[in-house]
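>
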Amino acid sequence: MRKLGTAIAALALTFGFAAPAQAATGTPCSIQEGACLRLSTNEAWLIYHGQASYGPVPVTHGRPGFETPTGTFSVLRKVKDEWSKPYNAPMPYSVYFTDNGIAFHEGSLTEQSHGCVHLSHEAAVTFFDNLFPGEQVQVVR
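And the structure:
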């Protein structure tokens, strides 16, 4: 069932329709294609043609001393089965958007990270499948 829901959301994104249960009317970001992250509310969205097409979804992000940076970045690369060498931990469905290793990936929604953005399994798969190198990631407070 989870794969079917993700497939439907991906199909909806492909044709420019919002996924029914997860569509947002807007975001706090100004980018036209990519992802939006609001740190103050622990929420993220995918953006397609200037509209929220998926989300908001819950996230966790960097803990004190390891804050997730704010600003506008480009998606650099994607790695489906990534492993963090510094923290000896899995990072499934990683979508990197900084050159110092910050990424969206599947992770705990209760524990803060070392700077990365943790998503649920379903959201991580959807972000991985729908974000592409060169698209923007905007992180706001």
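Residue numbers (my numbering): 175 to 315. Ideal Cβ positions, reconstructed from N, Cα and C, are used throughout, including at glycine.
#1: Rounded to whole angstroms, how far is the Cβ of R237 from the Cβ of S287, which I believe are closer than 8 Å?
#2: How big is the Cα-Cα spacing for I221 and F278?
#3: Give the DSSP-derived three-state secondary structure of H292 in the structure shown.
#4: Does D255 come out as helix, strand or coil in the three-state DSSP assignment?
#5: Considering only the alpha carbon of each residue, which of P266, C210, L213 lies closest to F302?
#6: Can you give me the Cβ contacts of S282 inside the same chain, cut-off strictly under 6 Å, excluding the 5 residues immediately before and after it?
#7: If you run the structure through DSSP and keep just helix, strand and coil, what is F247?
#8: Measure how close the beta-carbons of P232 and E256 come, nearest whole angstrom, since I'm counting them as under 8 Å.
Quick look at the numbers:
#1: Here residue 237 refers to the residue found at position 63 of the sequence shown. Here residue 287 refers to the residue found at position 113 of the sequence shown. Rounded, the Cβ-Cβ distance is 7 Å, consistent with contact.
#2: Here residue 221 corresponds to residue number 47 of the sequence shown, with the count starting at 1. Here residue 278 corresponds to residue number 104 of the sequence shown, with the count starting at 1. In a straight line, the C-alpha of I221 is about 15 Å away from that of F278.
#3: Counting from one through the sequence shown, the residue named residue 292 turns up at place 118. Three-state DSSP puts H292 in a strand.
#4: Residue numbering aside, residue 255 sits at position 81 when the sequence shown is read from its first letter. Strand, per DSSP.
#5: What you label residue 302 is simply residue 128 of the sequence shown in a count that begins at 1. Taking only the C-alpha atoms, the option nearest F302 is P266.
#6: One-based indexing of the sequence shown puts residue 282 at position 108. Cβ neighbours of S282 beyond the five flanking positions: H292.
#7: Here the question's residue 247 lines up with position 73 in the sequence shown. Note: F247 maps to strand in three-state DSSP.
#8: For the purposes of this step, residue 232 is identified with residue 58 of the sequence shown, where counting begins at 1. For the purposes of this step, residue 256 is identified with residue 82 of the sequence shown, where counting begins at 1. Cβ-Cβ separation between P232 and E256: approximately 21 Å, too far for a contact (criterion under 8 Å).
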